[in-house]
Amino acid sequence: ETSDEMRSPLVLAVALVLAPAECFTAAGAGAAITGRSQVQRRGPKLAMGFLENIFGPPPSAEIDYGALTGLPDSAALEAGKHALAGAVPAKSEDGYAIATFAGGCFWGIELAYQRVPGVIATCVGYTQGETSKPTYKEVSTGSTGHTEALQVFYDPKAVDFEALVLLLQSRINPTEINRSGADVGTQYRSGIYCHTDEQLTKAEKWRMDARASGRYKGEIVTEVKRAGLFWPAEEYHQQYLVKGGRMGRAQSAAKGCEEEIRCYG
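Numbering (our numbering), first residue to last: 298 to 562.
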């Protein structure tokens, strides 16, 4: 691993080009006159923080599931516990129903579901794969069999499963196989992964209705399967757009919010 000191010339060069204006203060400009700017003093840390917003943090060897955020802010901690135990529950520990969907890059789809009244908590992760404890780096190769997915804890009295399925449909093209828009690869395939017989019946009906609707020219290829182990993604990816996304511009997760979702921030 390269140290900050070794990386600093390259990092500073990129950061000076890309960093927003607020990264450079009057104090920094004044210090530059004396031959040592504020950017130089704090350069590696400031620049890496800015670049991390754009490109993400350096990949870690293994996800610390015990360090993920838990309820009420995120379902990630509980999802990690279930995965490590080899469990695919139909209900959360608090008794809420669980649903799992895949719809391309999981950043945008998570925010869409966060905004739904009746959705209690969400987390992004990896499912339908062949390996345990997958990381983003591994899944991105397309070799693990996982798809980027979203797990939802919801109150069926406030929002029904059919409405959650229709939301997925509104955000994907169900005729695209192993891709979602510009994101290409098996890890971007879409799917409805059912935790109960009732969910499976409703998902299969949705698929038949979509085929019969005449809305789509191609075959409906969105997967409809039994839910498998769901491995939550790295903390960095959880509620990514609410945190600001690549550009550091936080987006609202308020219930009922209808603002356009900027999928990369």
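Beta carbons: idealized from backbone N, C-alpha and C, even for Gly.
Values in this document were obtained by computation on a predicted structure and should not be read as measured data.
Looking only at T366, A384 and R412, the smallest Cα-Cα distance to E555 is reached by R412. D480 sits in a strand when the DSSP states are folded into three classes.
In the structure shown, R468 adopts helical secondary structure according to DSSP, grouped into three states. Using a Cβ-Cβ distance cut-off of 8 angstroms, the stretch 374-387 and the stretch 398-412 are not in contact, since fewer than three pairs of beta carbons, one from each stretch, lie closer than that value.
Boundaries of the alpha helix (DSSP H) around L497: D494 to A509. One Cα belongs to L464, the other to Q496, and the distance between them is close to 15 angstroms. Taking the CA atoms as reference points, L538 sits about 24 angstroms from K378. Our two residues, V521 and K540, have alpha carbons roughly 31 angstroms apart in a direct line. For C554, DSSP assigns no beta-bridge partner whatsoever. Out of T472, T424 and W528, the CA that lies nearest to the CA of L365 is found in W528.
Nearest to G525 by alpha-carbon distance, out of I360, Q448 and S549, is Q448. Setting aside the 5 residues that flank it on each side, G422 is surrounded in the same chain by A376, A446, Q448, F527, W528, P529 and A530, each with a C-beta closer than 7 angstroms to its C-beta; the list follows chain order.
Listed in chain order, the alpha helix (DSSP H) runs fully inside the stretch 397-443 are 403-411 and 433-437, counting runs of at least 4 residues. DSSP places V385 outside any alpha helix (DSSP H), giving it a letter other than H or E.
G488 is classed as buried because its beta carbon has at least 16 other beta carbons within 10 Å across all chains shown. Here DSSP, grouped into helix, strand and coil, assigns E445 to strand. Assigned with DSSP and collapsed to three states, A380 falls in helix. Beta-bridge partners assigned by DSSP to A394: K388 and Y451.
Residue pairing of P529 in beta bridges, as defined by DSSP: G422. With respect to I406, F450 sits apart: the two C-beta atoms are not nearer than 9 angstroms.
Collapsing the DSSP output to three states places K522 in a strand. The secondary-structure analysis by DSSP pairs S487 across a beta bridge with G400. With a threshold of 16 other beta carbon atoms within 10 Å, Y513 falls short and is exposed. Around the beta-carbon of V481, fewer than 16 other beta-carbon atoms lie within 10 Å, marking it exposed. One thing to note: S477 has its Cβ no nearer than 9 angstroms to the Cβ of T419. Going by DSSP, Y537 is part of the alpha helix (DSSP H) stretching over Y537 to K540.
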